[in-house]
Amino acid sequence: MNQLVQVSVENEMDLILAYKKSIKAAELLGLSISTQTAFATAVSEVCREVIDKTHDGLASIEIHNDGERLSLAAVITYKESPGMGNLEGGMQYARKLIPVFNSSVSNGLGMVQLKLSIPRSSGLTKAKILIIGSYFSNVEPATPYEEVRQRNLELFQINEQAEIALKQAEYLNQQKTEFLSVASHELKTPLTILRAFTQLALKSECSPQAISHLKKVDVQALKIQMLIQQLLDISKIENGKPDYNKEVLDLNDYLGNIFELMYQMVPGHELLIKLGDTQPVLIDKLRMEQVITNIVGNAAKYSPMGTPIEVSTSLLPTGEVLFKVKDQGIGMSKEELDKVFGKFYRVESVTKSFNGLGMGLYISSKIINDHGGKIWVESIEGQGSVFCFSIPVYTS
Ligand code: ADP
């Protein structure tokens, strides 16, 4: 006889444990699922009777060697009690489930033995029996209390590992943000000098061809400058608030000053600008310019050459100014409408055909929020998009 595991049979918790151990033993022995369930149910039925009538028993799951054949057995012993008898409901049921059912009482001790034979096809060897036994003594907890304790320990370890992983991730994230910040600053300085000299050269006397080349250099340098600015902004947003230098401005005067820039952003498109009545607004000039160039630049990037782009402003009944940029480009599906304002988010279908890093709208939405406004997009896939933002009219 080899004992695999023993369970005390005193309360409901023990009953669950007896069921689990029985099913595990049958499973490890390679018995079919229906045999596993029948064995475990029979064991727990007998244990239930013992718990109900005596509160004092012991169940032992064993391997018996009956001559040529090996059997899986459960031996349940208990203190004899007047209420205990073989005709009890649970006992009767167990008797039907298991081929061998023996019971006896002697010297005040009762015993029920349940037994089923293990098919030769399961390939059970002595070594395997030892492994199964050591599984129960090393891996499986012996009592319900131990089971709870073991689970607690596991949860504690998982929690501790998660905390370490989180700390590492936070550290790496901080390193990345610092790297972004330092690298962007280093790139920004030479680029500003490059643009300054390009502007100077454009003012000097040079051939029309040279001017055309210089303008192309400047547009490309501007694009790199915007990307670097975006990288810097991401690190600023992650480290707190970007700094703002807000002032009260006349909206139409302000927009008039950046028309030139807007035209530069949409070469090959017809830019139609319709401004509503002017209003005073409290804005950071450069930050707002960043939002507008991003939205207008996107309208050009994501629409076919030659299609018109409409920029308009109007006053909303809520006392806000509405700024709209409408294109006739690729548009996007309903599901994408909110997602495009997420960090590094790009619509899957654009990633192969259009360059970009998915930072512009994330930063724009942050800037508009920090101006007390809202930003959103309306769009029909394949027909075009309307990007809108609203900011409050300044009232002193
Ligand atoms: P980027 O253009 O660098 O990818 P943005 O943050 O500016 O990053 O835009 C995020 C995503 O929103 C884009 O990748 C694109 O999928 C979608 N998008 C933005 N503007 C438009 C537009 N006018 N038409 C269609 N899709 C757009």
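The numbers in my numbering rise by one with no breaks, and the one at position 362 of the sequence shown is 363. Ideal placement from N, C-alpha and C gives every residue a C-beta, glycine not left out.
Exercise for review: Would you tell me roughly how many angstroms separate the C-alpha atoms of residue 295 and residue 184, rounded to the nearest one?
Suggested key: Distance between the alpha carbons of residue 295 and residue 184 is about 22 Å.
**Prompt:** From this set, 262, 40, 161, 173, which residue's C-alpha is nearest residue 116's C-alpha?
**Reply:** Of the candidates 262, 40, 161, 173, the one whose C-alpha sits nearest the C-alpha of residue 116 is 40.
- In this structure, what does DSSP give as the bridge partners for residue 389? As computed with DSSP, residue 389 is found in a beta bridge with 325, 377.
Are at least three pairs of beta-carbons, each pair with one atom in the region 55–71 and one in the region 4–12, less than 8 Å apart?
In short, these stretches touch, since the Cβ pair count reaches three.
Query raised in the report: Could you give the residue range of the alpha helix (DSSP H) that holds residue 83?
Result: The continuous stretches of alpha helix (DSSP H) do not include residue 83, and DSSP gives it neither H nor E.
Can you check which of these residues, 217, 225, 262, is closest to residue 190 by C-alpha distance?
By alpha-carbon distance to residue 190, the top candidate from 217, 225, 262 is 225.
Original post:
Considering only residues of the region 86–144, which uninterrupted beta strand (DSSP E) runs meet the minimum length of 3 residues and lie entirely inside it, listed in chain order?
Top reply: Annotation note: the region 86–144 contains the following uninterrupted beta strand (DSSP E) runs of length 3 or greater, listed N- to C-terminal: 101–107, 110–118.
Worksheet item: Does the beta carbon of residue 339 fall short of 6 Å from some heavy atom of the ligand SAM?
Response: In the structure shown, the ligand SAM is absent; the only ligands present are the ligand ADP.
Going by DSSP, what residue range makes up the alpha helix (DSSP H) through residue 65? Element bounds for residue 65: not the alpha helix (DSSP H) but the beta strand (DSSP E), 58–67.
inquiry  = With a threshold of 6 Å on Cβ separation, who are the neighbours of residue 130 within its own chain once the five nearest residues in sequence on each side are excluded?
reply    = Taking C-beta separations shorter than 6 Å and ignoring five residues to either side along the sequence, the partners of residue 130 in its chain run 3, 64, following chain order.
- request: Report yes or no: do three or more beta-carbon pairs, one from the region 206–215 and one from the region 256–269, lie closer than 8 Å?
  value: No, they do not touch.
### Query
In terms of alpha-carbon separation, which member of 244, 390, 354 lies closest to residue 316?
The option with the nearest alpha carbon to residue 316 is 390.
Could you give the first and the last residue of the continuous alpha helix (DSSP H) run that contains residue 286? Note, residue 286: alpha helix (DSSP H), 286–302.
>> Cutting at 7 Å between CB atoms, please list the residues of its own chain near residue 239, excluding the five before and the five after it.
In response: 178, listed in sequence order.
Say yes only if the C-beta of residue 299 is nearer than 6 Å to one or more non-hydrogen atoms of the ligand ADP, and no if none qualify. It does: the Cβ of residue 299 is within 6 Å (strictly closer) of some heavy atom of the ligand ADP.
(Q) Distance check for residue 33 and residue 60, CA to CA, integer angstroms please. (A) About 22 Å.
Problem set entry | Of the residues 233, 297, 339, 99, the one placed nearest residue 243, counting alpha carbons only | Closest option to residue 243, Cα to Cα, is 233.
Pick helix, strand or coil for residue 236, following the three-state DSSP scheme.
Helix at residue 236.
Exercise. Does DSSP classify residue 251 as helix, strand or coil?
Worked result: In the structure shown, residue 251 adopts extended strand secondary structure according to DSSP, grouped into three states.
Please state whether the Cβ-Cβ distance between residue 327 and residue 282 is less than 7 Å.
Not closer than 7 Å, so no.
message: For residue 55, which residues in the same chain have their Cβ closer than 7 Å to its Cβ, ignoring the five residues on either side in sequence?
response: Around residue 55: 79, 80, 82, 85.
* Asked: Roughly how many angstroms separate the alpha carbons of residue 271 and residue 300, rounded to a whole number?
  -> Residue 271 and residue 300 have their alpha carbons spaced roughly 11 Å apart.
Check: What's the call for residue 252, buried or exposed, on a 16-neighbour Cβ count within 10 Å?
Finding: Taking every protein chain shown into account, the CB of residue 252 has 16 or more other CB atoms within 10 angstroms, so this residue is buried.
Whole-angstrom Cβ separation of residue 51 and residue 77, contact assumed at under 8 Å?
-> The pair is a contact, with the Cβ atoms about 6 Å apart (cut-off 8 Å).
Closer than 6 Å: is that where the CB of residue 351 sits relative to any heavy atom of the ligand ADP? Yes, since a heavy atom of the ligand ADP falls inside the 6 Å radius drawn around the Cβ of residue 351.
Check each candidate in 286, 289, 92, 257 and name the one with the smallest Cα separation from residue 274. Checking every option, the nearest Cα to that of residue 274 belongs to 257.
Taking the alpha-carbon positions, what's the residue 399 to residue 392 distance?
Residue 399 falls outside the range modelled here, since the chain spans only 2 to 397, and no answer is possible.
Tell me the DSSP secondary structure of residue 273 in three-state form. Strand.
- Message: Would you say residue 233 lies against chain B (beta-carbon separation less than 7 Å)?
- Response: In the structure shown, chain B does not exist; there is a single protein chain.
Review point. What residue from 219, 186, 206, 42 has the CA that sits closest to residue 199's CA?
Key: With distances taken between Cα atoms, residue 199 lies closest to 219.
**Request:** Verify the contact flag: residue 272, CB atom, against every heavy atom of the ligand ADP, threshold strictly below 6 Å.
**Result:** Short note on residue 272: C-beta not closer than 6 Å to any heavy atom of the ligand ADP.
Handout entry: Residues near residue 383 in its chain [Cβ-Cβ closer than 8 Å; skip 5 each side]
Key = Within the same chain, residue 383 has close Cβ partners 331, 332.
Worksheet item: What are the boundary residues of the alpha helix (DSSP H) that includes residue 1?
Response: Shown here, the chain extends from 2 to 397; a query on residue 1 therefore has no answer.
Exercise. Which term fits residue 207, buried or exposed, when burial requires 16 or more other beta carbons within 10 angstroms of its beta carbon?
Worked result: Label assigned to residue 207: exposed.
task: Identify, in the order they occur along the chain, each residue of the same chain with its Cβ nearer than 6 Å to the Cβ of residue 100, setting aside the five sequence neighbours on each side.
output: Correct list, in chain order: 117.
Can you tell which of 310, 346, 276, 47 has its C-alpha closest to the C-alpha of residue 366?
Ranking 310, 346, 276, 47 by Cα distance to residue 366 puts 346 first.
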